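Order-wise, the sequence lines are chains A and B. Letter 95 of the first sequence, counting from 1, is numbered 87 in the working numbering, and no numbers are missing. Letter 111 of the second sequence, counting from 1, is numbered 103 in the working numbering, and no numbers are missing. Take a look at the structure set out below.
There are 2 protein chains.
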Amino acid sequence: METKLIQRISKVECTGKLNALGDALYVIGGKWKLHVIIALTEGNKRFNDLQRTITGISARVLSNELKELELNGFVKRIVHTEPNVLIEYELTPYSDTLQPVLNELVKWGEMHRSKIRSEWEPATVLEASL
Amino acid sequence: METKLIQRISKVECTGKLNALGDALYVIGGKWKLHVIIALTEGNKRFNDLQRTITGISARVLSNELKELELNGFVKRIVHTEPNVLIEYELTPYSDTLQPVLNELVKWGEMHRSKIRSEWEPATVLEASL
DNA sequence: TATTTGACTAACCTTTTGTATACTGCTTAC
DNA sequence: GTAAGCAGTATACAAAAGGTTAGTCAAATA
């Protein structure tokens, strides 16, 4: 039995799936969520590190994103007090569960991008390659 | 060789993937895109049909969504003149390419939903089930 | 002939999202 | 002791997305 979203299913089932879809799009949506996640894959970072790594993000937005990412279990905020006070953010193992979703999205996005590009101005592309 | 997005890759590669991701999220993002697509899986529909099916969408937004979906190749606008003028919207075969993406998103969304729910107020859930 | 339906568009308003700039309180470096 | 770094918060503003109401023009219906 293969699962197809786009097919005849009951209305309840369908709205359930739509909600799940909405949730998923919500937690990874927005302009910066994925940038933050990806920045943290290089290793734990502190607030100002993150802001420097992610060029263009403001402190306010970064702060909000980190809070939401924490709520959703992707990111952990670690407070060290040992030599001196210091706060780190790290990705949780849970964030790995996004892997298949992100891969599909990237795969489709790349395909779509090249499709759209090949439809528009294919002549120009040929000329440019001369 | 398995493809992992979250791993050590070059900066160029990474921004390429991020762009693709952005594209993908853009074309299926927004409040109504998927509603429209799903409404059309039941069969071709006319403008006012769609507006009735998708409760809550306004004519303005529906019109915009249809235009974007057309631009992205998901939807075709068919103008009949035969018995009388009549306009239909139909899903293209290209829209099927979204299938794997949507499935992953739904799968993850459902998983995440139940995870979040089980973290919050598990006591209440128990009480409620008595 | 008057009303309804279809397929929209236009003008305007509200909400959400993101940006810019400044500021805080604390600690460390020069 | 002044400056700079850390980890943010506060305030104000701009842009984008979405909602509301009304209106168009043509054809079909009552």
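Even glycine gets a Cβ: it sits at the ideal position worked out from N, Cα and C. Here the structure is a predicted model, which means the values were calculated and not measured.
Is residue i buried or exposed, if buried means 16 or more other CB atoms sit within 10 Å of its CB?
| i | result |
| --- | --- |
| H72(B) | exposed |
| M(-7)(A) | Its pLDDT being 46, under 50, M(-7)(A) is placed unreliably in this model, and the value from its coordinates should be taken loosely. M(-7)(A) is exposed by the Cβ-count criterion. |
| I29(B) | buried |
| N64(B) | buried |
| P111(A) | Inspection of the sequence shows that residue 111(A) is occupied by Glu rather than by Pro. So E111(A) ends up on the exposed side. |
| K9(A) | buried |
| I20(B) | buried |
| E96(A) | buried |
| V93(A) | buried |
| S50(B) | exposed |
| V77(A) | exposed |
| V67(A) | buried |
| S87(A) | buried |
| T47(A) | exposed |
Just to make sure I have the definition right: I need the residues of chain A whose C-beta is within less than 7 Å of the C-beta of residue i. Which are they?
| i | result |
| --- | --- |
| V98(B) | L(-3), K9, A12, L13 |
| L54(B) | Ordered by position in chain A, no residue passes the 7 Å Cβ test against L54(B), which lies about 17 Å from the chain. |
| L26(B) | L10, L13 |
What does DSSP give as the partner residues of residue i in its beta bridges?
| i | result |
| --- | --- |
| K37(B) | Y81(B) |
| K68(B) | E82(B) |
How would you list, in chain order, the residues of chain A whose beta-carbon sits under 8 Å from the beta-carbon of residue i?
| i | result |
| --- | --- |
| A16(B) | L97, V98, W100, G101, H104 |
Mind listing the chain B neighbours of residue i? Cutoff is C-beta to C-beta under 9 Å, in chain order.
| i | result |
| --- | --- |
| G21(A) | L17, G21 |
| T84(A) | Ordered by position in chain B, no residue passes the 9 Å Cβ test against T84(A), which lies about 12 Å from the chain. |
What residues of chain B sit near residue i, judged by a beta carbon separation below 7 Å?
| i | result |
| --- | --- |
| P92(A) | E96 |
| I47(A) | Note on identity: in this sequence residue 47(A) is Thr, with Ile being the wrong assignment. In chain order: nothing, as chain B lies at least about 11 Å away. |
| T73(A) | Correct list: empty, because the minimum Cβ distance to chain B is about 27 Å. |
| I79(A) | None at all; the shortest Cβ gap to chain B is about 22 Å. |
Whose Cβ in chain B lies nearer than 8 Å to the Cβ of residue i?
| i | result |
| --- | --- |
| I70(A) | By Cβ distance, chain B contributes nothing, its closest Cβ being about 19 Å from I70(A), past 8 Å. |
Within the region 13 to 63 of chain B, note down every full alpha helix (DSSP H) run reaching 4 residues or more, in order along the chain. 25 to 33, 39 to 45, 51 to 63
So does the region 45 to 59 of chain B actually touch the region 102 to 113 of chain B, counting three or more Cβ pairs closer than 8 Å? no
Assess contact between the region 93 to 100 of chain A and the region 0 to 16 of chain B, defined as three or more Cβ pairs (one per stretch) separated by less than 8 Å. Is contact present? yes
The region 80 to 96 of chain A touching the region 33 to 45 of chain A, judged by at least three CB pairs closer than 8 Å: yes
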